[in-house]
Every structure is written in C-alpha cells, then in structure tokens.
Amino acid sequence: MLNDTTLQAPLAPTPYGDAEIMRRIEACPKLASLQSINQALSDLVRSESSLNSQIAEIIRRDPSLSTRILRMVNSVYFGLSARLNNIEEAVFFLGLRQIRELSLATPVIEEMERFQLNAALPWKELWSHSIGTAILTREILASTPLRIDDDTDYLVGLLHNIGKVVMAYAFPSELLTIMAMPAASTLEVCSNEREVIGWDHARIGAHYVECHRLSDEIVVAIRYHADPEHAPRHRLFAAALQVADSVVRHTGISGGFERVPAAKADEWLKLEGWKILYGADGPESMLARGSITHSLRHLPSVMQGLL
Amino acid sequence: MSSKKSDTLSGIAKSARAESWLGAWEASADPAYCRDLEGRVLAANLSFARKFGKSTAKLVGAKVFDFVHPDDAEKLKTVVAELSRPPHAAVSEHRWLTPQGIRWFSWEKVALRDDSGEVVAIRAVGRDITRQRLAEEQFYRLSRAVEQSPVSIVITDLVGNAQYVNSKFTAVSGHTLEDIIDKRIQVLRDGHPDEASYQKFMETIRAGGEWRGELSTERSKNAVVWESVKVSCLRSPGGEITNYLCLREDISERKKLEHDLRQAHKMESLGTLAGGIAHDFNNLLAIINGYAEVCMLGSADSKLLQKGLREIRSAVQRATGLVRQILTFSRKAEASFAPVELNQLVRDLVTMLAETFPRTVTFNMELLEPLPPLRADQNQLQQIILNLCVNARDAMPSGGIITISTSVHSGADLKRHDVQARTNYACLKVSDSGMGMSPEVRARIFEPFFTTKQGNQGTGLGLAVVYGIVVGHHGVIDVDSTPGVGSSFSVYLPMAESAVVAIQAQANTEFPSGTEKLLIVDDEEPLRDLLARAFMKKGYGVVAAANGLEAIDIIGDTNRQFDLVLLDLNMPGADGLQVLKVIRACRPTTKVLVISGHITSDMRAKFKALGQDDWLQKPYALDDIGRRLRVLLDAAPRAAA
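So the sequence lines, in the order shown, correspond to chains E and S. Under the working numbering, residue 555 is the last one in the first sequence; the count climbs by one each step, no gaps. Under the working numbering, residue 645 is the last one in the second sequence; the count climbs by one each step, no gaps.
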C-alpha cells in the first residue's frame, strides 16, 4: 500500500478503520457495466469475424470491464513478464471465448439498480467523465517526453474514478450521505469522503486496482490524481490526470456522484499538475494551452456515440 | 482538397530533398516512406527501395496503392481520417506486394502538418511482420481447434494456477477462467480423494513425469462425473518446465456401459448355467418324485421307508445348493474367499456342461489328486471355468476335445510371471483342439469388448472377466496357442500358506439341546410349526409370532422373557428390519439370528448398521439352525449399545 501522509482528514473522526475499509473493498464483487456497452460487446463477440481492435475499442469505454479484463490477463500471465496494460493485447491473449464469458458474467448497472432501494445514481455521467478524461490524459501525455506504447496513458484516465464505483458497492449509504453534503470543489468532495468513510475515492480506487494486479503507474496516478505533487513516483501520470480531469469538468461533464460547479476556462493553468507538466510559464506552456484548446473543440465530437 | 494544392505539393515533392520528408528515417534500417494524401510517394528511403526492388528516385511519384494488396487498400485510405485527429499518429498492418511475394508490414504513421495544422503528408515507418503474422494465424487456428475439443483442457503455471481453460472445461465444471481466478480454485486438485493422493501426483509431474488416472468428481448434487485424466509438462525450447497441461475426458458414460455390459455378460453366463441347472433340477425332481411315490405305496418295511426319505432329503439338499449357486451368481456380490475344492468344482461343472454343450464336444479331465483346497471365491472360480470352457467350445465349431487338468507348481516355476517364488500355485488348465489364435488376436484377448465372435454372439467380456478374477485372486494367467492345433489357458492361483482344509459337510447328527426361551418370528406357518416343534422337542421354551406386528407386541410385553429371536426377513406388515429395530430399542441384550432367502447387499448394510451379523440362509437344515443357535447362545452376552 501507498503511505498516506498528506491527505489525512484533519479533524473529523474516522468512521471506519483501515482494515475494515480494505476488507470491504476486497470483498467487492465484479463491478457492473453500462448496459449499452455490454450489449455492444456481446454483439461483437457473438460474431466470429470480429477484430480484436473492435472488441478492445468497446472494452475501453468501460472502467469495470477494463479492470476485469486486465486483472484476468495479469493473473494468467502473472510472473511471466511485465504487467500487461494494453486492452487489445489482453483481448488477443485471452481469446474471444474468454471475452464472451466475461461479457456473459457482467452485471449490468441498469438491472442492478432495479433491485436496489438507492436513488438512481448518475452512472452515465461518471462513465462519460471517465472516457473523456481518458482521451485527454492520453493527449496530454503524448505531449510529454514519456513514450508510452500501451494503454497506460488512457487507463489512468478511464479508471481514475473507479473508487466511486467501488463506493457504490462497498459503502452505499455513506455515498448517499456524501452526495448530499455541500461541496464547492473536488477537493472538498474528497475531504467529505474522508470524513464519512475514512478514505477518499482516490485511495479507495487505488487500493481496488492494486488488488486487481494493475500496474504501479495506474495505482499511483489514481491515488494522487488530486495531489500530483506528492506522488512518490510516476508524477507525470498523476499530473496529466489532474489536468485532464479539470478540462473535462470545464466541458460540463461532471466527475460523477457529485454536484461541484463546472471548472472555469483555464482554471487548470493554476493546478500543480500543470506546473509539473509544463513548468510555470514557459514556451511549453503556451504550446500546451493551444493544444488543449484544440482538444476541447474536438472532444464532444470524439465522445459522440461512445455511450 | 483542391487539385491546385495537390499540384503544389507534388511540385514540392519533386524539388524537395528526400531528407526533408523523411527526416531521421532517411538512413533508417526500417523501410520508411512519405506519401501525400492522394497516395503518391513523396520520398522513400533505401531500405524501402530495396524491399520493393526499385531505386529511390524511381519510387517518387509512384502510387502506393500499386504496392498494396487490393484487399487492404481500403484500410490504407481510412487511416487518413484517423491521422487528422490528435495525436496524429496511428499504427496499421497490411499486406504489400513485393518482389518476394506478399509480405505483411506494420506501419507506424505520423501526419506531417503545415503551420496551420493541416495534414499535408503522411510519413510511415514499417517493419516486416510476416513471420509474426503467420505465427499469429497459426495460433488462431490451433486455439480454435483446442476450443472445440471434446476433452477438457487446462493449462496451469507451476504452482497450479489456471492460465487457460477451454470451453469444454467450463461446460463440464461450470467454472470460467474469471471464476477460477476470483475464487482461487485449484484446478489440478479437483477429483483427488485426499491430500496424499494429490501430493503424490504433484511429485510425479514436478519431476517431469506424466500422470494418468481416473478421478471422480461431484460436479453437481448427486451427479458424479468420472474422468480419465492425463497431466503432463509443457517445456520451453530450452527444456525447462513452464506449464502443466491437464486433459480430462469424461468417461462416466463408458464406466456405466462397462458396468452394464459386465452385468449383461454375467446374465449371459447365468443363462448357460441355468441350462445346466435346469437339467440337474429335473433329475433331482425325478428322484424326489420317485421315492415319494415309493413311500406313498405304504410299504411296511420301515427300512425301505427310511431309505426313501433319506434319498428325498439328499436330493433336496442338492437342489438347495443349486439354487444358492444361481442366486449368488446373479447377485452383484463382492468376492468372499473361502476354501474351495477345485477338483470337485471342475467335476460338478463338467457334468453340467457336458449336458449342455453339443455332443461333438467331449470332455477329458486330468485332475491331480489329492489337490489341497484353495482359498478362493467359489462363484468366481466357477465363472472362470465356465468362461474358459465356453470359449473352448466356440473355438471348435465342428467339435473336438476340451481337456481340463489341475496341477501344482511352485512360484519358482513361474518366474516369467511376476509371482512370489515361495508360494505354491494351483494350476487349472483348459485346452481345446480348436482353430487356435493368431499372435495379433492373442495379444488382445484380455481387452474388454474385444471379440472375434460374429454378430451378437460374444460381448468380448468373457476373458476380460476371467482376467479380472484371476488378478483379484493374486494369480496369473497364461495363454498358449498354435493356429490350427488349439489353445490352452492356464490359470495359476496361489495356495494358502498352510493348506486350509475345506469344511467338510457335517454328518447329520442330532443338534444339541437347551433350556433357553426362543421367540420364533416367521409368517410361513409350516416353517414356524416345524421350528417350534423341533426346538420344543430339544427342551427349549418357544414363543411363536405369525408376523412382524405380532412379534413387536410380544417384544414390547415386559412380562415375557426370551433369550434369542429367530427372525424371518420378509413378512407382511412390519418386516424383519423393523422388528429388529424394536428389539434393539427394547431389549438391547437379546440375541437375534436372522433367517432369509435372499439378502441384498443394501439390506445387509442396513442390518450391519444395527449391529446384526448373524445370518442363516434359507433353505436350511434343522441341524444347521440348531447348531448355529447353540453357538450363539453359548457366546458372550450381547453388550447393550
């Protein structure tokens, strides 16, 4: 586990101990997927002629499915080589039938909610936010000296709010409490989470993907996506994630399960992540601003029809 | 894009030096080229030119689509749209037509943009991935084949964690790979009855060996699946063990069929046996009938009368033996070992078989006398003799001689077989003067279901059953056959260390008397009366019950005393089992002797559970029952449970 030194809730007493929180996270069943995505996937895998790239394309839209498939491939090939972080390669290694079985065993959010007394949660919003952040994180990281030839850059974005999905399972009533609490910023949401549950969604999500044998870059980036400055390693990933998260919020796609006002334009320039990525006000920063403005224009059309 | 602009671009292409398009890739060992959006080559490096057998200068202006496999041309066009979006890079694989033939290439493409951000050209750096591609195609084919296998296939790592399961495995076990990972199921352990068995198995495969066996697993409630399992190692090209491969084939159906066929074959043998017995029976009935008529004539000579009755009694005893034989044979009884007179058994069976076999087949017996008795299962020995004789008969369609001989050999004589040198073996040899067997047939005769008989005449189990029985008796079997001369089968069975003498039929003497009180429970009135009268005559006190319910009343009556219950099994109302339960509950120290015509092993187990071990088979001689009863009464008192 990663050490938590800086994100400790300052005053409020911790309602759950670390051991209990971990136990709940580890006992968390298969996370559910959106019906539309699972439907698209099951249509694809039923045909023998589907391409791995098409299947991977669908799986990449779903944080739950992506986590499950990576966990499976990393369990199967555990110890043989490096962790696999490429969805398409995972599809290739596992084979079409395993993906078909995966799809068959996928709990669907819409069906699950029918049996729950909880008010319907804005799942679709959370999914959109995850995909948008994934696309932007990848673009931002492409502008850095890092050379990434698998899906790590995309996955950190896709999975950064997986902790919120886990919370819906492991701490359902606490989640409702948190959603009802006022919060002016995402940092306040995090502090509310720590106050009610003990851990915030970043820490919960990081622990969850760590249990699923996902690679260290992803674990650390998720853990520190609100505080990249303190990431012990892989700071560029956490920084890109923080900026992407903020940019996506500016487009009006909120982080899911929260009611924080949309980010103002160029708010991300003040973020720690921005400084880590581009320095204070150098020429790199100028270029990056231009590039992000460009990406922002395209984002809605890129996201169209993904869900 | 306007034609004017593209003209300008091609103008640039003609004038610009190759490096300006290719940059660092100009000298790259990987083939690299640039093309405009129309698909015209703007520049190509040396490596690219070599691959396509042209000079770099000649390539400029050439159409890329002329080099690309027609089926992949569409893919090449669609990539343009992808490149116009950030991050303006893409990877695609397609086939190219080279002088070497069709080759697969993987191209990393980057869009080259002008100052306004418009894409003006595409730079592609490629790698020949033909070999990798072929390997992938082969992988696909083989994995599809494995997927469709009717055998469950599991690949694990060296600790036993599943890395692959095929669809048959999932269908049989109900576990998908995700399940197995989630629930940490140890797939290799599945079906091993205990830890010791599993450890031994792991030792074998860790040492690089192959393990084969049959395991049964309870897949769902009450459904036991039998599987033939083979586990072996997968090795890297360097010879290191990298994985274990476990193949499991469902053989439940085969197991059941084998069992059914074995039973069917027994019934078939039973038919042969019954034919012989019917004949014997008729003889016995004739004897009984004859002497009964003589007695009825009312001769005054009491000696003649006595002789007639004695003959009737002895005929009945033989008939009893026959019925017992046929009953035990038809039962799925497990072997029970007891001293057996082999020579007598052969003589009895030959008498019977001589009656049923065709007249053209004659028997010749060469029996060693005296032959010490064997410890064996009489029924199974009979089955051996019967099956060998039937085979001998079938080998001689036009008749011949069957020679049956017995002899004794020391284990040292049989060194070629894996036997104990110190033990003596009794040999039973059955020879025929038939057509003999070819070496190929001889090699397979003990395989189950192997038969040379036409149509439905043989099940192919006869010799397999013989083999099974011989092995069960720790014996060996030897075959000698010459085509055209005949075959002989020699069965060697170990003799007891100290020759056990078969219990001689006891002389009919009067059974001992006693004064204890007996309760006789039997719904058959003549039998009940007979027993009551006989025991009263010997001084015993007797209470009789005509059925189970009456018996339960008597047992419940605490004023009554008795020392032993003679209990019949099959009765209307409450049966023997229920009566016994009441006895055990009310009078736990009272001894019980159960009498029955036919006890199934099921029933036997139920009685065993109630602590009941004393049985008497119907029909019985009064002497037998009298002695058994005395022995029981004289034995230590029953301890209350």
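Ideal Cβ positions, reconstructed from N, Cα and C, are used throughout, including at glycine. Small disclaimer: the values here were computed from a predicted structure and weren't measured.
Could you check the C-alpha separation between residue i and residue j for me, to the nearest Å?
i, j, result
"E/LEU282", "E/MET360", "10 angstroms"
"E/ALA511", "S/ARG148", "51 angstroms"
"E/HIS449", "E/ILE303", "29 angstroms"
"S/LEU265", "S/GLY466", "11 angstroms"
"E/MET551", "S/VAL228", "52 angstroms"
"S/GLY43", "S/HIS73", "14 angstroms"
"S/PHE515", "S/ALA639", "17 angstroms"
"S/LEU13", "S/ALA125", "Its pLDDT being 47, under 50, S/LEU13 is placed unreliably in this model, and the value from its coordinates should be taken loosely. One C-alpha to the other measures close to 9 angstroms."
"S/VAL394", "S/VAL412", "24 angstroms"
"S/VAL344", "S/ASN286", "26 angstroms"
"S/ALA47", "S/ARG127", "9 angstroms"
"S/ARG564", "S/ALA549", "13 angstroms"
"E/LEU289", "E/ARG348", "8 angstroms"
"S/VAL475", "S/ILE408", "21 angstroms"
"S/VAL163", "S/GLY213", "16 angstroms"
"S/ALA399", "S/TYR496", "22 angstroms"
"S/LEU289", "S/GLY302", "20 angstroms"
"E/GLY380", "E/THR392", "19 angstroms"
"S/VAL83", "E/LEU406", "25 angstroms"
"S/ALA613", "S/THR456", "47 angstroms"
"S/LEU146", "E/HIS408", "38 angstroms"
Quick one: list the residues of chain E neighbouring residue i, beta-carbon separation under 8 angstroms, in chain order.
i, result
"S/LEU181", "MET320, VAL324, LEU342, GLN346 and GLU349"
"S/GLN167", "VAL324 and TYR325"
"S/THR174", "GLU349"
"S/ILE189", "By Cβ distance, chain E contributes nothing, its closest Cβ being about 12 angstroms from S/ILE189, past 8 angstroms."
"S/SER171", "ARG345"
For residue i, which residues from the same chain have a beta carbon less than 6 angstroms from its beta carbon, with the 5 sequence-adjacent residues on both sides left out?
i, result
"S/ILE316", "ILE292 and TYR295"
"S/THR246", "LEU238 and SER240"
Decide if residue i is buried, meaning its Cβ has at least 16 other Cβ atoms within 10 Å, or exposed.
i, result
"E/SER295", "exposed"
"S/SER120", "exposed"
"S/HIS477", "buried"
"E/HIS542", "exposed"
"E/ALA432", "exposed"
"S/SER19", "Bear in mind that the predicted position of S/SER19 carries a pLDDT of just 44, short of 50, making it too unreliable to give a figure here."
"E/ALA536", "buried"
"E/PRO420", "exposed"
"S/SER442", "exposed"
"S/HIS691", "Lying before the first or after the last residue shown, residue 691 of chain S is absent from chain S, which here runs from 5 to 645."
In chain S, which residues lie less than 9 angstroms from residue i when you measure between Cβ atoms?
i, result
"E/ARG316", "GLU182"
"E/ALA280", "Per Cβ cutoff of 9 angstroms: no residues; E/ALA280 is ~15 angstroms from chain S at best."
Short of 8 angstroms in beta carbon distance, which residues of its chain neighbour residue i, apart from the five on each side in sequence? Order them along the chain.
i, result
"S/ILE209", "TRP215, VAL235, SER236, CYS237 and TYR248"
"E/SER533", "LEU517, TRP522, TYR526 and GLY527"
"S/ARG223", "VAL176, SER177, GLY178 and VAL229"
"E/TYR417", "CYS276, PRO277 and LEU279"
"S/TYR168", "ILE157, VAL158, ILE159 and LEU181"
"S/GLY479", "TYR429, VAL495, TYR496, LEU497 and PRO498"
"S/ASP567", "GLU520, LYS521, LEU522, THR594, LYS595 and LEU637"
What residues from chain S crowd round residue i, counting only those whose CB sits closer than 7 angstroms?
i, result
"E/ALA353", "THR180 and GLU182"
"E/ALA390", "PRO91"
Can you list the residues of chain S that residue i reaches, using a CB-CB cut of under 8 angstroms?
i, result
"E/ALA479", "By Cβ distance, chain S contributes nothing, its closest Cβ being about 24 angstroms from E/ALA479, past 8 angstroms."
Going along the chain, which residues of its own chain have a beta-carbon closer than 7 angstroms to the beta-carbon of residue i, five neighbours each way excluded?
i, result
"E/ALA267", "none"
"E/VAL321", "LEU332, ALA338, PHE341 and LEU342"
"E/MET270", "HIS455"
"S/MET540", "VAL546"
For a contact meaning CB atoms closer than 9 angstroms, what does residue i contact in chain E?
i, result
"S/GLU151", "GLY343, LEU344 and ARG345"
Residue i touches chain A at which residues, Cβ-Cβ below 7 angstroms?
i, result
"S/SER147", "Here chain A cannot be found, since the structure's protein chains are E and S."
Residues of chain E with CB under 7 angstroms from residue i, in chain order?
i, result
"S/ILE2", "No information on residue 2 of chain S is available, as it lies outside the stretch 5 to 645 that chain S covers here."
Inset, instruction - Kindly provide the ranges of any alpha helix (DSSP H) runs that are 4 or more residues long and lie completely inside the segment 377 to 458 of chain E, ordered along the chain. - result: 400 to 407, 410 to 418, 420 to 428 and 434 to 444
Inset, instruction - Run through the segment 161 to 187 of chain S for me and flag every whole beta strand (DSSP E) of 3 or more residues, listed as ranges in chain order. - result: 166 to 169
Inset, instruction - Pick out the complete beta strand (DSSP E) segments inside the segment 229 to 270 of chain S, 3 residues or longer, and give them in chain order. - result: 245 to 254
Inset, instruction - Jot down the residue ranges of each uninterrupted beta strand (DSSP E) in the segment 295 to 365 of chain E, minimum 3 residues, whole runs only, in chain order. - result: none
Inset, instruction - Only counting runs of 4 or more residues, tell me where the alpha helix (DSSP H) segments fall wholly within the segment 196 to 230 of chain S, in order along the chain. - result: 199 to 210
Inset, instruction - Pick out the complete alpha helix (DSSP H) segments inside the segment 396 to 477 of chain S, 4 residues or longer, and give them in chain order. - result: 443 to 448 and 466 to 476
Inset, instruction - Note down, one range per segment and in chain order, each beta strand (DSSP E) of at least 3 residues found wholly within the segment 366 to 398 of chain S. - result: 378 to 380
Legend entry - Runs of beta strand (DSSP E) wholly within the segment 611 to 637 of chain S (minimum 3 residues, chain order): 619 to 621
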